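Please read the structure below before turning to the comments.
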Amino acid sequence: MSETVLVTGVGGPAGRAGARYFAKKGYRVVGTDVREVESPANDFRFVPSARDPRFVPVLLAIAAQEQAALIVSTVTEELPVVARMRAALRERGVSLCISDPPGVDVANDKLRTAENLDRAGVAVPVTFSGSTPHREVTGALGFPLLSKPRFGRGGRGVFVHRGAADLACASPEEVVWQEFLPGEEYDLNLFVERDGSVPAAVVLRKTGLKDGLVGNALGVERVERRDVAELGVRAARSLGLEGPIDLDIRLAGDGTPAVLEVNARLGANVLSASEVLDALDDAWRNGRCA
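Per my numbering, the sequence shown runs over residues 36 to 325.
This is the structure in structure tokens:
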């Protein structure tokens with residue numbers, strides 16, 4: 036019988052992509068989600084949300100019952116919890132290719148991501164916390180400018196503000212204010228080994244965005260942009276990340292790239308960057324996933 040790979044969040048694009056890849060490779064795939072969904076997984080199990088105290092014992096029980104050999108976590112909110120389960124999973128013979136908790140915690144926080152990368156000399160848009168007075172934000176950034184949830188995913192709650200009158204349209208959640216970069220946007224898919232080496236780095240140009248100027252990619256195409264790839268690798272290394280990583284990178288008005296967001300997990304478009312999945316499979320098969 037083939038080994039079992041447990042993929043979380045199979046209702047989302049990253050989870051579906053991971054499930055499809057491992058199923059096509061001949062592994063038995065068990066998918067999880069907080070609601071019943073159609074997916075390429077062979078079997079499906081419910082899990083509570085990562086904020087629920089039952090999440091950890093339920094996921095450990097599923098891993099044991101299904102005899103999972105590898106867990107691929109694709110839900111942003113789960114990552115800090117799953118990263119802290121590494122020792123418990125290792126005791127049960129389950130591999131996990133994920134960054135250590137400190138790196139995951141920073142990547143999940145858009146304000147800390149921007150601050151840490153800026154201190155490391157990695158280009159990011161000018162960013163302010165949500166508590167910054169509007170007058171200070173607009174004085175520094177002008178219009179248009181962006182607001183986005185400090186903790187969020189998938190382009191949800193991102194607004195382009197064109198004038199002072201629509202600043203109230205910002206998400207009701209805690210936000211960050213950010214410089215609007217007018218250039219093309221890219222999705223960089225990486226796999227970073229624990230020693231910092233990068234066997235896979237694929238740049239995808241976003242050919243359309245769901246909400247026009249912002250949002251999820253409506254389509255992607257592979258391109259050669261060494262500057263984008265090198266910036267993303269520097270960002271991942273400076274945050275101490277490993278495993279599959281997905282970065283949104285956009286060009287400023289002068290054409291230089293800057294990092295918008297970092298996701299310490301598989302990205303939604305990873306099937307267009309299958310080298311990342313191949314690197315994940317190779318790292319697992321050769322004992323380089325903890």
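In this text, a Cβ means the ideal position worked out from N, Cα and C, and glycines have one as well.
Predicted, not measured: the structure shown is a model, and the values here were computed from it.
Sorting 157, 178, 47 and 275 by C-alpha distance to the C-alpha of residue 75 places 47 at the top. Contact check for residue 192 against residue 206 passes: the beta carbons are separated by less than 7 Å. Within the same chain, Cβ atoms closer than 8 Å to the Cβ of residue 78 are found at 63, 64, 65, 66 and 101, the five residues on either side in sequence being excluded. Within the same chain, and ignoring the five residues on either side of residue 70 in sequence, the residues whose Cβ sits closer than 7 Å to its Cβ are 46.
Of the other Cβ atoms in all chains shown, 16 or more fall within 10 Å of the Cβ of residue 277; this residue is therefore buried. In the structure shown, residue 39 falls within a strand segment according to DSSP collapsed to helix, strand and coil. Spatial neighbours of residue 275 in its own chain (CB-CB distance under 8 Å, excluding positions within 5 residues in sequence) are listed in chain order as 134, 135, 137 and 138.
Residue pairing by DSSP places residue 66 opposite 42 and 79 in a beta bridge.
Rounded to the nearest whole angstrom, the C-alpha separation of residue 218 and residue 293 is 10 Å. Distance from the CA of residue 124 to the CA of residue 235, rounded to the nearest whole angstrom, comes to 26 Å. CA-to-CA, the gap between residue 291 and residue 58 works out to about 39 Å. If the five residues before and after residue 264 are omitted, its C-beta is found closer than 7 Å to the C-beta atoms of 223, 236 and 238, all from its own chain and listed in chain order. Contact annotation: the stretch 199-213 touches the stretch 161-175, with at least three C-beta pairs closer than 8 Å.
Secondary structure in the stretch 246-310: the alpha helix (DSSP H) runs of 4 residues or longer, each lying completely within the stretch, are 261-273 in chain order. Taking 8 Å as the upper bound for CB-CB distance, residue 127 and residue 99 are in contact here, some 6 Å apart. The alpha helix (DSSP H) runs lying completely inside the stretch 155-234 and spanning 4 residues or more are 169-176, given in chain order. Taking the Cα positions, residue 104 is about 34 Å away from residue 240.
With respect to residue 115, residue 140 sits close: the two C-beta atoms are nearer than 7 Å.
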